[in-house]
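Residue numbers (the numbering used here), protein chains in the order written: chain A, 1 to 211; chain B, 212 to 422. Cβ coordinates follow ideal geometry from the N, Cα and C atoms, glycine included.
2 protein chains.
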Amino acid sequence: MIEEKKISMAVIRRLPRYFRYLSDLIKLDIKRISSKELSERMQITASQIRQDLNCFGGFGQQGYGYNVEYLYEEISKILGTDKRFSCIILGAGNMGNALANYENFKKRGYDILAIFDVSEDKIGKKINGIEVYSTDKLAEFVANNKVDIAILTVPNKKIIEAATEVTSLGIKGIWNFTPSDLSLGEGIVVENVHLSDSLMVLGYRLREKGE
Amino acid sequence: MIEEKKISMAVIRRLPRYFRYLSDLIKLDIKRISSKELSERMQITASQIRQDLNCFGGFGQQGYGYNVEYLYEEISKILGTDKRFSCIILGAGNMGNALANYENFKKRGYDILAIFDVSEDKIGKKINGIEVYSTDKLAEFVANNKVDIAILTVPNKKIIEAATEVTSLGIKGIWNFTPSDLSLGEGIVVENVHLSDSLMVLGYRLREKGE
DNA sequence: TAGATTGTTAATCGATTAACAATC
DNA sequence: TAGATTGTTAATCGATTAACAATC
Numbered sequence: 001m002i003e004e005k006k007i008s009m010a011v012i013r014r015l016p017r018y019f020r021y022l023s024d025l026i027k028l029d030i031k032r033i034s035s036k037e038l039s040e041r042m043q044i045t046a047s048q049i050r051q052d053l054n055c056f057g058g059f060g061q062q063g064y065g066y067n068v069e070y071l072y073e074e075i076s077k078i079l080g081t082d083k084r085f086s087c088i089i090l091g092a093g094n095m096g097n098a099l100a101n102y103e104n105f106k107k108r109g110y111d112i113l114a115i116f117d118v119s120e121d122k123i124g125k126k127i128n129g130i131e132v133y134s135t136d137k138l139a140e141f142v143a144n145n146k147v148d149i150a151i152l153t154v155p156n157k158k159i160i161e162a163a164t165e166v167t168s169l170g171i172k173g174i175w176n177f178t179p180s181d182l183s184l185g186e187g188i189v190v191e192n193v194h195l196s197d198s199l200m201v202l203g204y205r206l207r208e209k210g211e
Numbered sequence: 212m213i214e215e216k217k218i219s220m221a222v223i224r225r226l227p228r229y230f231r232y233l234s235d236l237i238k239l240d241i242k243r244i245s246s247k248e249l250s251e252r253m254q255i256t257a258s259q260i261r262q263d264l265n266c267f268g269g270f271g272q273q274g275y276g277y278n279v280e281y282l283y284e285e286i287s288k289i290l291g292t293d294k295r296f297s298c299i300i301l302g303a304g305n306m307g308n309a310l311a312n313y314e315n316f317k318k319r320g321y322d323i324l325a326i327f328d329v330s331e332d333k334i335g336k337k338i339n340g341i342e343v344y345s346t347d348k349l350a351e352f353v354a355n356n357k358v359d360i361a362i363l364t365v366p367n368k369k370i371i372e373a374a375t376e377v378t379s380l381g382i383k384g385i386w387n388f389t390p391s392d393l394s395l396g397e398g399i400v401v402e403n404v405h406l407s408d409s410l411m412v413l414g415y416r417l418r419e420k421g422e
């Protein structure tokens with residue numbers, strides 16, 4: 001068994017940022033970049049960039065820097081942009097609707113297969129070509145389709161119910177737009193969005209600055 | 212001049228979480244709680260809770276713990292939930308629409324005054340009772356209304372333009388839903404949401420777990 | 001080769017956790 | 001008072017930054 005150093009969440013959360021900046025560099029037709037140049041663009045230290053990248057491999061070349069295209073490809077691989085994930089949305093409210101209409105996710109490998117809701121006037125309709133099913137059909141749907149990720153956009157009173165069902169159906173990933181923290185145990189990966197938290201932090205920082 | 216210890220972003224980002232948990236405790240009619248009990252609920256250490264709270268003041272009582280109602284009020288004050296912020300939304304697309312329809316923000320003190328878009332068939336319409344104006348009217352609107360926060364949900368090609376205008380109009384807070392990082396300098400507070408980043412991190416963690 | 005820049009080790013910094021005296 | 005639990009200082013841990021030998 002190979003001894004692998006655990007990669008910290010701090011590093012992982014920076015990966016999509018590297019991915020974006022490299023993608024921009026490609027658009028700008030920049031072929032090579034040093035950690036120093038990249039550090040100026042990204043407003044982080046060159047040291048941190050080199051440390052981060054070396055968690056995954058030596059992608060650069062001494063005296064030269066990094067080949068932008070190559071580094072982009074490597075980070076793409078790390079982030080798994082070649083892989084596809086099947087998603088379902090629980091809750092066809094405002095946020096569920098907005099997410100169903102986001103074309104970017106499909107481009108990144110995340111396909112939305114179906115939407116589930118309890119409201120009679122939504123069931124049977126389509127949102128951006130994706131059918132809205134009754135929540136009653138969720139178990140059946142998951143039994144017949146491989147579902148990797150449940151996107152939770154249900155209202156507050158339905159959160160626990162929805163999270164419990166999703167877990168019991170064996171779905172391993174939850175993209176959580178509800179205000180709850182959903183500690184669902186080991187096997188489940190939860191990525192929280194917590195919009196209200198973000199807004200409150202903005203408010204705090206604004207007032208702090210103003211003082 | 213009073214020497215104030217700088218409060219770290221790590222602590223600040225936990226504040227809304229304390230706020231939520233305390234709000235839940237009130238709903239459960241729990242009157243007092245020790246850092247130990249709260250730590251079990253929140254899955255963080257009691258030490259961290261006491262350290263965090265003591266950045267702002269001694270809200271507890273030795274031998275007793277914390278009075279839930281009182282602590283909730285104090286954290287509310289720190290987060291400024293009594294204050295009101297005036298917001299505008301730039302971009303009446305899917306996300307702009309969803310945010311305009313979120314009733315929660317108003318409840319937390321964030322009022323959405325207006326929405327701006329370039330598309331002729333949206334201008335003049337209302338979303339959740341909030342008028343959609345032409346982007347041409349933005350400067351005029353900001354001159355006549357105190358605007359604290361601009362919520363950026365514009366498409367990629369409009370990001371720099373929108374951010375530049377918002378900054379030049381003197382708006383001090385940006386809630387950024389675009390994929391860009393917007394380094395706009397000192398005076399501006401930017402809070403990023405970066406949904407795609409979040410989704411990619413979820414994908415990474417899922418694949419990592421699966422291996 | 002000389003210059004540049006990485007990969008990597010060591011030093012520093014900051015955040016988390018532990019410990020315990022203060023005190024309700 | 002005795003027990004409990006805070007507020008706070010000290011210890012630890014992890015993440016960031018600096019330094020530099022390796023090497024292109």
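Query, Result
"Just to confirm, is the Cβ distance from L206/A to V404/B under 9 Å?", "no"
"For L152/A, which of helix, strand or coil comes out of DSSP?", "strand"
"Taking all protein chains shown into account, do 16 or more other C-beta atoms lie within 10 angstroms of the C-beta of E402/B, making it buried, or fewer, making it exposed?", "buried"
"One question on the structure: do I115/A and A92/A come within less than 9 Å of each other, judged by their Cβ atoms?", "yes"
"Counting only Cβ pairs nearer than 7 Å, list the residues of chain B close to V189/A.", "L413, R416, L417, K420"
"Under a CB-based cut-off of 9 Å, is Y110/A close to chain B?", "yes"
"My understanding is that N308/B touches I338/B, with C-beta atoms under 8 Å, so please give their C-beta distance in whole angstroms.", "6 Å"
"Which same chain residues, not among the five before or five after E37/A, have their C-beta less than 6 Å away from its C-beta?", "none"
"Determine the extent of the alpha helix (DSSP H) in which D111/A is found, giving its start and end residues.", "Per DSSP, D111/A belongs to no alpha helix (DSSP H); it is in the beta strand (DSSP E), 110-117."
"Does the distance between the C-beta of S287/B and the nearest non-hydrogen atom of the ligand SAH fall short of 8 Å?", "Judged by which ligands are present, the structure shown has none, so any question about the ligand SAH falls away."
"If the cut is a Cβ gap below 8 Å, which residues of chain A does L290/B touch?", "M200, G203, Y204"
"Rounded to whole angstroms, how far is the Cβ of I33/A from the Cβ of Y66/A, which I believe are closer than 8 Å?", "6 Å"
"Whole angstroms is fine: what's the gap from Y18/A's alpha carbon to I49/A's?", "9 Å"
"Please check if any C-beta of chain A sits within less than 9 Å of the C-beta of V404/B.", "yes"
"State the Cα-Cα distance for the pair K27/A and Q61/A, rounded to the nearest angstrom.", "22 Å"
"Evaluate A374/B with the Cβ neighbour count: other Cβ atoms within 10 Å of its Cβ, from every protein chain shown; 16 or more gives buried, anything less gives exposed.", "buried"
"My output table needs one value for K337/B: the three-state DSSP class, helix, strand or coil.", "strand"
"What residues of chain B sit near Y18/A, judged by a beta carbon separation below 8 Å?", "Those do not exist, as Y18/A stays about 11 Å from chain B at its closest Cβ, beyond 8 Å."
"So, using beta-carbon positions, are D197/A and I171/A closer together than 9 Å?", "no"
"Can you look up S345/B in the DSSP assignment and give me helix, strand or coil?", "strand"
"Anything in chain A within Cβ reach of L226/B, meaning under 9 Å, just list it in chain order.", "D197, M200, V201, Y204"
"Is the CB of G335/B under 9 Å away from at least one CB in chain A?", "no"
"In or out: R336/B buried (at least 16 other Cβ within 10 Å) or exposed?", "Arg is not the amino acid found at residue 336/B; the sequence shown has Lys there. With fewer than 16 other Cβ atoms within 10 Å, it is exposed."
"Look up I237/B in the DSSP assignment and say whether it is helix, strand or coil.", "helix"
"Rounded to the nearest angstrom, what separates I2/A and G80/A at their Cα positions?", "Caution is warranted here: a pLDDT of 39 is assigned to I2/A, below 50, making its placement in the model unreliable, and no coordinate value can be reported."
"Closest Cβ-Cβ distance between G173/A and chain B: below 9 Å?", "yes"
"Pick helix, strand or coil for Y283/B, following the three-state DSSP scheme.", "helix"
"Is the beta carbon of F85/A sitting closer than 9 Å to the one on G414/B?", "yes"
"Please look up how many angstroms separate the CB atoms of P227/B and V201/A, rounded, as I've assumed it's under 8 Å.", "7 Å"
"What span of residues does the beta strand (DSSP E) with S86/A cover, start to end?", "85-90"
"May I have the straight-line CA-CA distance separating R319/B from T167/A, to the nearest angstrom?", "31 Å"
"To the nearest angstrom, how far is it from the Cα of N144/A to the Cα of E419/B?", "25 Å"
"Is there a Cβ from chain A that is less than 9 Å from the Cβ of A309/B?", "yes"
"Mapping DSSP to helix, strand and coil, what is Q272/B?", "strand"
"Can you find a C-beta in chain A that's less than 9 Å from the C-beta of I223/B?", "yes"
"If you measure beta-carbon to beta-carbon, which residues of the segment 349-362 of chain B are closer than 7 Å to chain A?", "D359, I360"
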